[in-house]
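Per our numbering, the very first residue in the sequence shown carries number 201; after that it's consecutive. We put the beta carbon where it would ideally sit given N, CA and C, even for glycine.
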Amino acid sequence: SSKDIIKVPDLVGKDRVSAIGILSRKRLGIKETYKPHDTLPKDYVIAQNPLPGTEVKLKRKIEVILSSGRSMVIVPTFCELALSDVKENLCRIESENYCGLQIKSISYANSSIIPPNHIISHIPIAGTKVPKNTGVTLVVSSGSNSPVFYMPDLIKTPVSEAKKLLDEMGLNMEIKEEVA
């Protein structure tokens with residue numbers, strides 16, 4: 201009978217608990233799957249099937265795809281790699297070496313150990329789990345005799361990572377706290 205037919209509600213953009221409540225009040229079931237999403241937070245509906253407004257029988261399970269949050273990647277080590285190789289592989293998404301990261305900034309420092317135009321260190325450090333498309337700050341060797349020193353951008357960098365980077369560059373770090 202027509203009492204047993206109901207229009208599917210629009211669930212896209214709603215959180216999981218709300219979606220379950222809406223479906224249960226309409227006497228419909230739910231089938232959940234998860235996939236990463238760059239903008240919708242975890243447990244929010246990305247898509248649904250059948251589409252909103254579709255007429256279905258009572259107790260039908262509505263398939264919803266929920267966000268599992270942003271895709272995460274583990275930062276590989278770029279240390280001692282040529283800057284040109286890192287740039288080429290990070291910037292070409294079709295590259296098999298692409299790891300879902302971007303170059304945020306590049307600074308240069310003297311190194312008697314690392315050849316010129318090769319990576320001395322980077323933030324985030326290797327092994328760190330970060331959201332896909334995170335920017336990486338690279339410190340590149342300018343060779344051992346370069347008179348110029350470029351300071352890396354450490355704003356919003358955790359103190360432990362900043363200290364590790366500065367230690368690798370042979371610099372000392374002094375923390376001064378200012379009261380706003």
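Spatial distance of residue i from residue j (CA atoms)
i, j, result
"L223", "G253", "13 Å"
"I313", "A326", "19 Å"
"I306", "V379", "31 Å"
"S341", "M369", "10 Å"
"I205", "S218", "22 Å"
"L281", "K332", "21 Å"
"G229", "G213", "18 Å"
"D215", "L240", "10 Å"
"K311", "I274", "According to the sequence shown, residue 311 is Ser rather than Lys. In a straight line, the C-alpha of S311 is about 27 Å away from that of I274."
"L211", "Q248", "7 Å"
"T277", "D243", "32 Å"
"K363", "N317", "22 Å"
"D367", "V286", "22 Å"
"I355", "E374", "15 Å"
"E361", "V245", "36 Å"
"M351", "R270", "31 Å"
"T328", "K257", "48 Å"
Extent of the continuous alpha helix (DSSP H) run through residue i
i, result
"E361", "359 to 368"
The beta strand (DSSP E) enclosing residue i, as first and last residue numbers
i, result
"S267", "261 to 267"
"S224", "Element bounds for S224: not the beta strand (DSSP E) but the alpha helix (DSSP H), 216 to 225."
"V339", "334 to 341"
"K304", "301 to 309"
"S312", "S312 -> no beta strand (DSSP E), and no H or E assigned at all."
"K329", "329 to 331"
"H322", "319 to 323"
Reference residue i; option with closest CA among the options
i, options, result
"Y272", "T334, N249, Q302, V330", "Here the sequence assigns Met to residue 272, which means Tyr is not the residue at that position. Looking at the Cα atoms, V330 is the closest of the given residues."
"K304", "N310, S311, L290", "L290"
"K259", "A247, T239, I220", "I220"
"K376", "L365, K364, A309, V359", "V359"
"I319", "G335, V208, S284", "S284"
"L365", "G343, T337, S344, N345", "T337"
"P250", "K261, G300, L240", "K261"
"Y308", "Q302, T334, S344, E288", "S344"
"C279", "V208, Q302, R227, P315", "P315"
"Q302", "P209, K203, G335", "G335"
"G300", "D238, K226, P209, K207", "D238"
"E255", "V339, E288, K203", "K203"
Three Cβ pairs or more, each shorter than 8 Å: is that satisfied between the stretch 262 to 272 and the stretch 231 to 244?
As far as the Cβ criterion goes, the stretch 262 to 272 touches the stretch 231 to 244, which means the pair count is three or higher.
Every unbroken beta strand (DSSP E) inside the stretch 232 to 290 [3 residues or more]:
Whole beta strand (DSSP E) segments, 3+ residues: 245 to 249, 255 to 257, 261 to 267, 272 to 274.
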